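These notes are about the structure you will find just below.
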Amino acid sequence: MEKLNYEFALAANSKAQAIQQQILVGVVGSGDLEVLVERNQHKPSAISIQITTSVDGMSHVWEALMQRIFADTELPALQIEINDFGATPGVVRLRLEQALEELGLAN
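Numbering-wise (the working numbering), the sequence shown opens with residue 494 and increments by one.
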């Protein structure tokens, strides 16, 4: 089991409105993951991501995927918790996009 943490600063001129709810999508099951997204109350100028994964040694893949999704974004401050049980990068992206869509933040 591996725990990973990533943080992405919001643009100084970001006008994204803070979310008022939290959302949970997916399930922790073989080849899947759950994603919990809520307002980042501890760091209102960042997107903070905590990942717990059952697959060790894949931090470079997680980092590349998080960079691709959250670097240079117009999202508000978010706290994202991911509990992974061997999901592929495609499933990870799908679940993150599902959560953002349910919050009304999809592009």
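Glycine is no exception: its CB is placed at the ideal position from the N, C-alpha and C atoms. In this text, all values refer to a predicted model and were calculated from it rather than measured experimentally.
Please name the residue in the options whose C-alpha comes closest to that of residue i.
| i | options | result |
| --- | --- | --- |
| A608 | S507, L497 and E567 | Past the edges of the chain, shown from 494 to 600, lies residue 608, and the structure says nothing about it. |
| E594 | Q514, S507 and N506 | Q514 |
| E590 | Q510, I516 and M551 | I516 |
| P602 | W555, S523 and A570 | For residue 602 there is no data in the structure shown, the boundaries of the chain being 494 and 600. |
| G524 | G583, L596, A592 and G597 | G583 |
| M494 | S547, E531, V530 and N506 | S547 |
| A505 | A511, A539 and N533 | A539 |
| L587 | V554, N533, L526 and V521 | L526 |
| E500 | A557, I512 and L596 | A557 |
Counting along the chain, where does the beta strand (DSSP E) carrying residue i start and finish?
| i | result |
| --- | --- |
| V518 | I516 to G519 |
Let me know if residue i comes out buried or exposed under the rule of 16 or more other beta-carbons within 10 Å of its beta-carbon.
| i | result |
| --- | --- |
| R561 | exposed |
| Q572 | buried |
| A564 | exposed |
| G519 | buried |
| D577 | buried |
Could you have a look at residue i and say whether DSSP puts it in helix, strand or coil?
| i | result |
| --- | --- |
| A502 | strand |
| L598 | coil |
Scan the stretch 529 to 596 and note each continuous beta strand (DSSP E) run of 3 residues or more that stays entirely inside, going in chain order. 539 to 546 and 571 to 578
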